[in-house]
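Q: Numbers given in the numbering used here equal positions in the sequence shown, counted from 1, plus 770.
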Amino acid sequence: MPIKKSAFKEARKIKKRTIANDVVRASIRKDMKAVRRSIVSKATDALALVNAARKTLAKAARKGVIHRNKAARLTSRLERQARATATAPGATK
771 MPIKKSAFKE ARKIKKRTIA NDVVRASIRK DMKAVRRSIV SKATDALALV NAARKTLAKA
831 ARKGVIHRNK AARLTSRLER QARATATAPG ATK
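(1) Under 8 Å between the Cβ atoms of S808 and A796?
(2) Given that a residue counts as buried once 16 or more other Cβ atoms are within 10 Å of its Cβ, and exposed if not, what is A830?
(3) Between which two residues does the alpha helix (DSSP H) holding K785 run?
(4) Can you list, in chain order, the residues of its chain whose CB lies under 8 Å from that of A841, leaving out five sequence neighbours each side?
(5) What runs of the alpha helix (DSSP H), each 4 residues or longer, lie entirely inside the segment 815–844?
(6) Can you give me the Cβ contacts of I836 inside the same chain, cut-off strictly under 7 Å, excluding the 5 residues immediately before and after it?
(7) Spell out whether any CB of chain B is found under 8 Å from the CB atom of S846.
Laid out in structure tokens, this is it:
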């Protein structure tokens, strides 16, 4: 438990930031799951979903929720998987 007044204030700020960061992380997970689901079902809309996920990841990196290299790595992996699925035979619309 904090003793000083400034420590109490910092604890309040950390709690608020944690809640905001959790919301951003949840949206990242939601978007990535949607992309993976479309990849598994071999849907061609995976590339459109990748664009939405890319936007979410870039925004999170800009805000400092995740590191920019992590955002780039995750985006690259999703794009590579989606492109492989879109060009694979048997892809559905």
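Even glycine gets a Cβ: it sits at the ideal position worked out from N, Cα and C. Being a predicted model, the structure only gives us computed values, none of them experimental.
A: Taking the coordinates as given:
(1) Counting from one through the sequence shown, the residue named residue 808 turns up at place 38. Counting from one through the sequence shown, the residue named residue 796 turns up at place 26. No. Outside cutoff.
(2) Start at 1 with the first residue of the sequence shown, and residue 830 comes out as number 60. The residue is buried, with at least 16 neighbouring Cβ atoms inside 10 Å.
(3) The residue given as residue 785 occupies position 15 in the sequence shown. That run of the alpha helix (DSSP H) goes K775 to V810.
(4) Counting from 1 along the sequence shown, the entry for residue 841 is found at position 71. If we look at A841 and ignore the five residues flanking it on each side, its Cβ neighbours are L827, A828, A830 and A831.
(5) 816–833
(6) To locate residue 836, count along the sequence shown from 1; it is residue 66. Taken in chain order, the residues that qualify are A830.
(7) No chain B appears in the structure shown, which is made up of a single protein chain.
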